[in-house]
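Participant:
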Amino acid sequence: MFLVSSDRLRAGDIVELDGDEGRHAAVVRRIRTGEHIELTDGAGHIARARVVEVHKAGLTCEVQERTDVPPPAPRLTVVQALPKGDRGELAVEVMTEVGVDTIVPWSARRCITQWRGERGDKALRKWRSTAREAAKQSRRPWFPEVVELAGTDAVTERVAAAELALVLNEAAEPPLAGIGVPTDGEVVIVVGPEGGIEEGELRAFTDAGARAVRLGPTVLRTSTAGVVAAGIVLSRTGRWAPHRSEE
Numbered sequence: 015m016f017l018v019s020s021d022r023l024r025a026g027d028i029v030e031l032d033g034d035e036g037r038h039a040a041v042v043r044r045i046r047t048g049e050h051i052e053l054t055d056g057a058g059h060i061a062r063a064r065v066v067e068v069h070k071a072g073l074t075c076e077v078q079e080r081t082d083v084p085p086p087a088p089r090l091t092v093v094q095a096l097p098k099g100d101r102g103e104l105a106v107e108v109m110t111e112v113g114v115d116t117i118v119p120w121s122a123r124r125c126i127t128q129w130r131g132e133r134g135d136k137a138l139r140k141w142r143s144t145a146r147e148a149a150k151q152s153r154r155p156w157f158p159e160v161v162e163l164a165g166t167d168a169v170t171e172r173v174a175a176a177e178l179a180l181v182l183n184e185a186a187e188p189p190l191a192g193i194g195v196p197t198d199g200e201v202v203i204v205v206g207p208e209g210g211i212e213e214g215e216l217r218a219f220t221d222a223g224a225r226a227v228r229l230g231p232t233v234l235r236t237s238t239a240g241v242v243a244a245g246i247v248l249s250r251t252g253r254w255a256p257h258r259s260e261e
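15 is the number of the first residue of the sequence shown in our numbering; add one for each residue after it.
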């Protein structure tokens, strides 16, 4: 799947796939004239296109048909406390593949990693690039949004506005698997850092309406807890129901 702008995805349109996308298609993937490829704008539009010309800088394609996919519901947001090293990019990659719609990098009080200045800007760019590439690889019609770094106050505001907000906490009694999931609105899952969520932060979230839940009998790393929780929530919605072509 290759990323293009939405105004180039109507049936009959001629699309010049150039830049990084075009070079990847022509040089890395070695796509040839006559082959069919998928194009998307990452905002719910997918097009099937036939390659009519291959050149050094990319491809020229003709759009055959377009499918419009409605926005996913409920919308799933994961607030991810900053992990150590490159584990953040791993978390973003797998959460994108599973179907998370918004990823919020969170500077929790117990985070060892801190995003400041140019280092923070570079880390955010990496997260966004990772999400974009993972979305293409997993053929998502809607690409996830990786928002700006959030502090605890901003996360609390998002929790308060959600249809359902859940905080992963190993000391909580109710299991995530037993929580009912709404069919619309936003579901927010808050994943703490390796040292756990600080008591004051947990209290702020629960006071704002979040429910503290546990994943299971084992304790997961922060970089894997989010994707497991997302999978549990998504399996309780209609978003993982098979498409007609798969029935």
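Backbone N, C-alpha and C fix where the C-beta goes; we use that ideal spot for every residue, glycine too.
(1) Helix, strand or coil: how does DSSP classify residue 251 here?
(2) Using the C-alpha atoms, what's the distance from residue 209 back to residue 158?
(3) Go ahead and pull the three-state DSSP assignment for residue 94.
(4) Considering just the uninterrupted stretch of the beta strand (DSSP E) at residue 82, what are its terminal residues?
(5) Can you tell me where the alpha helix (DSSP H) holding residue 137 begins and where it ends?
(6) Inspect the beta-carbon positions of residue 195 and residue 88 and report whether they are closer than 9 Å.
(7) So who's on the other strand from residue 51, going by DSSP bridges?
(8) Between which residues of its own chain and residue 134 is the CB-CB distance below 7 Å, once the five residues before and five after are set aside?
(9) Please classify residue 206 as buried or exposed, where buried requires at least 16 other C-beta atoms within 10 Å of its C-beta.
(10) For residue 147, tell me which candidate among 166, 218, 35 and 25 has the shortest Cα-Cα distance.
(11) Would you kindly work out how many angstroms separate the C-alpha atoms of residue 219 and residue 174, rounded to a whole number?
(12) For residue 112 and residue 202, which I take to be in contact (beta-carbon distance under 8 Å), what is that distance rounded to the nearest angstrom?
(13) Please report the distance separating the alpha-carbon of residue 58 from that of residue 126.
(14) May I ask you to verify whether the region 24–33 touches the region 71–82, counting CB pairs closer than 8 Å and requiring at least 3?
(15) If we ignore side chains and look at the alpha-carbon of each, how far apart do residue 69 and residue 39 end up?
Facilitator: Reading from the atomic positions:
(1) Coil at residue 251, not helix or strand.
(2) Cα to Cα, the separation comes out at about 27 Å.
(3) In this structure, residue 94 counts as strand in the three-state DSSP scheme.
(4) Element bounds for residue 82: 72–82.
(5) Element bounds for residue 137: 131–151.
(6) In this structure, residue 195 sits near residue 88, with a CB-CB distance shorter than 9 Å.
(7) Residue 51 has 63 as its beta-bridge partners, per DSSP.
(8) Within the same chain, residue 134 has close Cβ partners 163.
(9) Looking at its Cβ environment, which holds 16 or more other Cβ atoms inside 10 Å, residue 206 is buried.
(10) Comparing Cα positions, the closest option is 35.
(11) Their Cα atoms are separated by approximately 8 Å.
(12) Contact doesn't hold; Cβ gap of about 16 Å is too wide.
(13) Their Cα atoms are separated by approximately 37 Å.
(14) Yes, the region 24–33 touches the region 71–82.
(15) When rounded, the distance between both Cα atoms is 10 Å.
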